[in-house]
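J.:
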Amino acid sequence: MVRRYAEGLTSEGIWTITESSKPMPHGVFLLFAKGKRPSVGDIKDFVASNPVVSLVHDPSADAPIRLASNHGEPVAEEGLLDQSANEVSWVELLREGLAFDLNGLAPGDGFAVPNVEHLFDLKEQPGTARFEALHLAPGYHLAGGERTMPVARGLIALACDLVQHFAGIEAIAWPPSKSASSRQYFESVTTAWLGGGPFPALGLTAFRQTFDGALQSVGLDFWLDQELRIEPPLSTDKVAATRLGVRLINQLMIVGGVEGSERIVAPDGSRLVLRPSRNGKFIRVWRE
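Residue numbers (our numbering): 241 to 528.
#1: Could you compute how far the alpha carbon of Ala-288 sits from the alpha carbon of Gln-404?
#2: Whose CA, out of Phe-360, Leu-374, Ser-300 and Pro-291, lies closest to the CA of Arg-335?
#3: Could you tell me whether the Cβ atoms of Pro-278 and Phe-406 are closer together than 8 Å?
#4: Using DSSP's beta-bridge definition, name the partner residues of Gln-456.
#5: Give the C-beta separation of Gly-408 and Phe-272 to the nearest angstrom, bearing in mind that I take them to be a contact with Cβ-Cβ under 8 Å.
#6: Could you give the DSSP three-state label for Glu-332: helix, strand or coil?
#7: Verify whether the separation of the beta carbon atoms of Phe-522 and Gln-449 is less than 8 Å.
#8: In the DSSP assignment, what residue or residues form a beta bridge with Val-525?
#9: Write down the C-beta distance between Gly-379 and Ala-441 rounded to the nearest angstrom, noting that I regard them as a contact closer than 8 Å.
#10: For Leu-395 and Ile-412, what's the separation of their Cα atoms in angstroms?
#11: Could you check whether Leu-514 and Ile-504 sit closer than 8 Å to each other, using their CB atoms as the reference points?
#12: Who pairs with Glu-410 in a beta bridge, going by DSSP?
#13: Is the region 480–497 in contact with the region 428–446, if contact means three or more CB pairs nearer than 8 Å?
#14: Under 8 Å, Cβ to Cβ, is there at least one residue of chain D near Val-498?
#15: Report all residues from its chain with a CB closer than 8 Å to the CB of Val-296; omit the five preceding and five following residues, and keep chain order.
#16: From this set, Phe-451, Gly-267 and Ser-510, which residue's C-alpha is nearest Arg-387's C-alpha?
#17: Excluding the 5 residues preceding and the 5 following Ala-506 in the sequence, name in chain order all residues of the same chain whose CB lies nearer than 7 Å to its CB.
#18: What number of angstroms, rounded off, separates the C-alpha of Phe-371 from the C-alpha of Arg-527?
#19: Leaving out five residues before and five after Thr-476 in sequence, what residues of the same chain have Cβ atoms less than 6 Å from its Cβ?
#20: Pick helix, strand or coil for Phe-360, following the three-state DSSP scheme.
#21: Would you mind giving the Cβ-Cβ distance between Phe-360 and Ser-300, rounded to the nearest angstrom? I have them listed as a contact below 8 Å.
#22: Starting from Asn-519 and walking both ways along the beta strand (DSSP E), at which residues does that stretch end?
#23: Out of Lys-276, Asp-508 and Val-356, which one is the CA nearest neighbour of Ala-346?
#24: Beta-carbon separation of Leu-270 and Ala-397 under 8 Å?
#25: Could you give the DSSP three-state label for Asp-341: helix, strand or coil?
#26: Who are the near neighbours of His-381 in its chain, counting only those whose CB is closer than 8 Å to its CB and skipping five residues on each side?
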């Protein structure tokens, strides 16, 4: 079987793509200290202790049998292709009927830390000098459905399972919001959401200030195809605007976005207008 999403970081720091031209989906990156990534054997132990997760494919089990030549050199069994450690550094996991690929297992190459701009419960930027990552993404058969809610929730749930099992995971990076969270923070907010609580707007989305003073979400478009934009002067108080943004994102995740103009009452009793931008890519918010 051809390895899927085989992009990795070599020891020379060069990105490579092996046996696949398929673009890597967003997925979740699980950050370990260098040299601390788990192996396929560790993943088997994880599966054995988790009744809702199954190991459905282990490429290392398909590796060719190594024979000894007359000169004592290892050779591949005739008719089978040799496989490097990097080529067998992934597994396919099944959680509640959905398949996910976990790439970057030891002893193969890990992944570089993705671009991170927003930190949650982390004191410093996680960098490639200290960390290397596993990449968890929807499997091949879910291609095209990565952003559907069942698949996205299943992905986050499996990431949470891995965080709870592997103490070596120090941070979790979520590329759609260019954010990284500590293991404790990620587990807390995602477990609450998966259990019926509020959507983790600070973590699975983030906020940034625009050049004209608005407060705009980052990564909400992954979920709703729209970003939230709180317009000035409503955005002048950044703390209050962020709190409002968190409330609005949770509500938007429930209703599925905004198609027309709507009016709501803010927590402080003021009336707000929510209206899509002309291009439909933003949900603009201002006081009535």
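We put the CB at the ideal spot given by N, CA and C, even for glycine.
T.: So, from the listed chains and residues:
#1: Each residue's alpha carbon lies about 14 Å from the other.
#2: Out of Phe-360, Leu-374, Ser-300 and Pro-291, Pro-291 has the C-alpha closest to the C-alpha of Arg-335.
#3: Result yes, Cβ atoms of Pro-278 and Phe-406 sit closer than 8 Å.
#4: Partner(s): Arg-448 and Arg-469.
#5: The distance from the Cβ of Gly-408 to that of Phe-272 is about 5 Å, consistent with a contact at the 8 Å cut-off.
#6: Secondary structure at Glu-332: strand, using DSSP grouped into helix, strand and coil.
#7: Cβ atoms of Phe-522 and Gln-449: not closer than 8 Å.
#8: DSSP, once it has assigned bridges, lists Ile-470 and Leu-514 as partnering Val-525.
#9: Contact flag wrong, Cβ pair sits at about 28 Å.
#10: Pairing Leu-395 with Ile-412, the inter-Cα distance amounts to about 13 Å.
#11: Contact: yes.
#12: Residue pairing for Glu-410: DSSP places it in no beta bridge.
#13: Judged by Cβ distances under 8 Å, the region 480–497 makes contact with the region 428–446, as three or more pairs qualify.
#14: Chain labels in this structure do not include chain D; a single protein chain is all it has.
#15: Cβ neighbours of Val-296 beyond the five flanking positions: Glu-332, Leu-333, Leu-334 and Ala-339.
#16: Closest by alpha carbon: Gly-267.
#17: Around Ala-506: Leu-484 and Leu-512.
#18: Going by C-alpha positions, Phe-371 is about 44 Å away from Arg-527.
#19: If we look at Thr-476 and ignore the five residues flanking it on each side, it has no Cβ neighbours.
#20: Taken through DSSP and simplified to helix, strand or coil, Phe-360 comes out as strand.
#21: Actually they do not touch by this definition, with Cβ atoms about 35 Å apart.
#22: Counting along the chain, Asn-519 falls outside any beta strand (DSSP E), and DSSP gives it neither H nor E.
#23: Across the set Lys-276, Asp-508 and Val-356, the C-alpha of Lys-276 shows the shortest separation from the C-alpha of Ala-346.
#24: With respect to Ala-397, Leu-270 sits apart: the two C-beta atoms are not nearer than 8 Å.
#25: Note: Asp-341 maps to strand in three-state DSSP.
#26: Correct list, in chain order: Ala-339.
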